[in-house]
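Below you'll find the structure, written out as structure tokens, and then a few comments.
Residue numbers (the numbering used here), protein chains in the order written: chain U, 279 to 558; chain Y, 496 to 747.
Spelled out as structure tokens, the structure:
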């Protein structure tokens, strides 16, 4: 092949890959741009500080739903993260063949279960016995959705830690459990946090599993055993309403939801980039 | 009291592969002993049997006896963690912990062994870094990341990390094979300085290195210990034909 022909191929392929990369980010930019266009008008201080107004009155905000989403996601993280990270550690480190294989397979299946089904399950387990919708039930449903993502990313990242790290630590006379918790996990930390943020972002936007667990609430949070508002629920309720003002607020709510996910992801990145990092 | 290391009828396997055949030798205490031989001859497996690191690999098995300073390493009820604390190890490639600073790397063994007192940790870190001839280069950068050091410095950091727990034996598995000649010379110098303070076993591909640093040398071939003796006489007057062929460069 001549030099000129090689150059042509090079330019064409570079352009093709750049175009593909552009197409991948395009949907995100479009969604974000559209939300900005539609939602930014309805955003004001009241949106972040006030409760929803009764039907017919203009104004009001989604402050309770913003707080509610934060509470629900925190509950889900408290339940799902320790379990998921330790589970991932087990899958990566276990010398047993059968049980990890089964657990891995089930985690993948769970990852594919529609979130509405998980909502129904949480309804049966955490709502019916107590005869009450509650924040706890919502957090429980979100934790189940989070679990397979956290388990699988933790496993992958723990596997990425070179075995020379484990050997170095074991050869120092450090017991195996300490090697795992103090050497292997911290080495994989930066990557695990990235994976965890994906899981948090995913559940922050879940609507279906909250429909009949957290249920929604037009007032401030009244305790973890009570129904609680959540942004996705509020967006859903407002979007299907017949009122223009509520439509505008639904757009604003969606914008705030994306903004929250964005800020949390960014914060996690900044926090983890400070110290010496291991694998990403 | 000092007995060094006594090995009898040591056999090792990876799954079905029989790696070491009836190894027996006596390593002199507080001296430097080198192990040479072509790749895959079982030198590394042999030293990994001494601190019970061989069994860390799935499917690995060991039989025979190993006595380190009189204690039977494979006796029932012996905790491998306690054995490894007494027998330090340095690996082929420098492997400092990437999430830790220079200081944290050096004291990792002590700290994760339960030592909390800062004064003790600082003292141990300085002593180990001086022993590893690294103190002057890093004393002003103790909080820098361990992996920010050069390759040779990283390897000396790993030696310091192993020395910080004050082991009786130091196993070195080709510690210079990833280093340039200057870094190699520094490590050899430090091995010579450590002679007399602890028992050192060094696996090396470099026969000149064995000649420079060791008092005794063992030659491994295909999982057998072919010859073991005083370094100078092994190199100048080998008893076994295979040793002679290897050290004169006829194979390997």
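For every residue, glycine included, the Cβ atom is placed at its ideal position computed from N, Cα and C. Keep in mind it's a predicted model, so treat the numbers as computed, not measured.
Pairwise C-alpha distance: residue 682 of chain Y and residue 509 of chain Y: 31 Å
First through last residue of the beta strand (DSSP E) which encompasses residue 513 of chain Y: 512-522
Chain-order list of residues whose beta-carbon lies under 6 Å from that of residue 426 of chain U (same chain, five-residue window excluded): 385, 388 and 389
Simplified DSSP state of residue 576 of chain U, which is helix, strand or coil: Absent from the model: residue 576 of chain U. The displayed extent of chain U is 279 to 558, so no value can be given.
Cutoff 7 Å; reference residue 417 of chain U; Cβ partners in own chain excluding five residues on either side: The residues are 350, 353, 354 and 357.
Alpha carbon of residue 486 of chain U to alpha carbon of residue 319 of chain U, nearest angstrom: 27 Å
Close beta carbons around residue 562 of chain Y, own chain, < 6 Å, minus the five adjacent residues each side: 501
CB contact flag (residue 536 of chain Y, residue 507 of chain Y, <8 Å): no
Per-residue DSSP class, three states only, for residue 431 of chain U: helix
Touching by the beta-carbon criterion (3+ pairs, under 8 Å), the region 515-530 of chain Y and the region 542-552 of chain U: no
Contact set for residue 397 of chain U: own chain, Cβ-Cβ below 8 Å, skip 5 residues either direction: Taking residue 397 of chain U as the centre and dropping the five residues before and after it, the same chain places the C-beta of 419, 486, 487, 488, 489, 490 and 491 closer than 8 Å to its C-beta, in chain order.
Contact list for residue 453 of chain U against chain Y, beta-carbon separation under 7 Å: Correct list: 576.
Beta-carbon contacts of residue 630 of chain Y that lie in its chain and below 7 Å, excluding the five residues immediately before and after: 621 and 624
Proximity winner among U:507, U:458 and U:326, relative to residue 411 of chain U (alpha-carbon distances): U:507
The region 650-663 of chain Y contacting the region 585-605 of chain Y, beta-carbon criterion three pairs below 8 Å: yes
Which of helix, strand or coil DSSP assigns to residue 631 of chain Y: helix
Members of the region 620-639 of chain Y that neighbour chain U once the beta carbon cut-off is set at 7 Å: If the cut-off is 7 Å between Cβ atoms, the region 620-639 of chain Y has nothing near chain U.
Sub-8 Å separation of residue 580 of chain Y and residue 451 of chain U beta-carbons: Yes; because the gap between Cβ atoms is below 8 Å, this pair is in contact.
Min CB distance residue 601 of chain Y to chain U below 8 Å: Residue 601 of chain Y does not count as touching chain U.
Check: residue 722 of chain Y C-beta below 7 Å from any heavy atom of the ligand ZN: Inclusion of the ligand ZN in the displayed structure is not the case, the ligand content being empty and no account of it being possible.
C-alpha gap between residue 704 of chain Y and residue 504 of chain Y, whole angstroms: Using only the alpha carbons, I get a separation of about 28 Å.
Segment limits, alpha helix (DSSP H) that includes residue 541 of chain Y: 538-545
Nearest candidate by alpha-carbon position, reference residue 345 of chain U, set U:468, U:409, U:549 and U:499: U:499
Interface positions of the region 367-378 of chain U facing chain Y (Cβ-Cβ less than 8 Å), listed along the chain: 373
CA nearest to the CA of residue 524 of chain U, picked from U:329, U:290, U:430 and U:369: U:329
Whole-angstrom C-beta distance between residue 721 of chain Y and residue 694 of chain Y, which should lie under 8 Å: Contact doesn't hold; Cβ gap of about 22 Å is too wide.
Residue 740 of chain Y versus residue 712 of chain Y: straight-line alpha-carbon distance, rounded: 16 Å
Residue(s) in a DSSP beta bridge with residue 698 of chain Y: BP columns for residue 698 of chain Y point to Y:530 and Y:668.
Option in U:475, U:374 and U:403 with minimal Cα separation from residue 424 of chain U: U:475
Interfacial residues, the region 430-442 of chain U to chain A, with Cβ spacing under 7 Å: Of the protein chains in this structure, namely U and Y, none is chain A.
Close-in-space but distant-in-sequence residues of the same chain around residue 662 of chain Y (CB under 8 Å, 5 per side omitted): 580, 581, 582, 583 and 693
Listed by chain order, chain Y residues near residue 460 of chain U by CB distance under 7 Å: Correct list: 607.
Within-8 Å CB hit, residue 464 of chain U to chain Y: yes
Beta-carbon proximity of residue 532 of chain U to residue 313 of chain U, cut-off 8 Å: yes
The beta strand (DSSP E) enclosing residue 506 of chain Y, as first and last residue numbers: 500-509
Inter-stretch contact at 8 Å, needing at least 3 Cβ pairs: the region 604-611 of chain Y / the region 627-646 of chain Y: no
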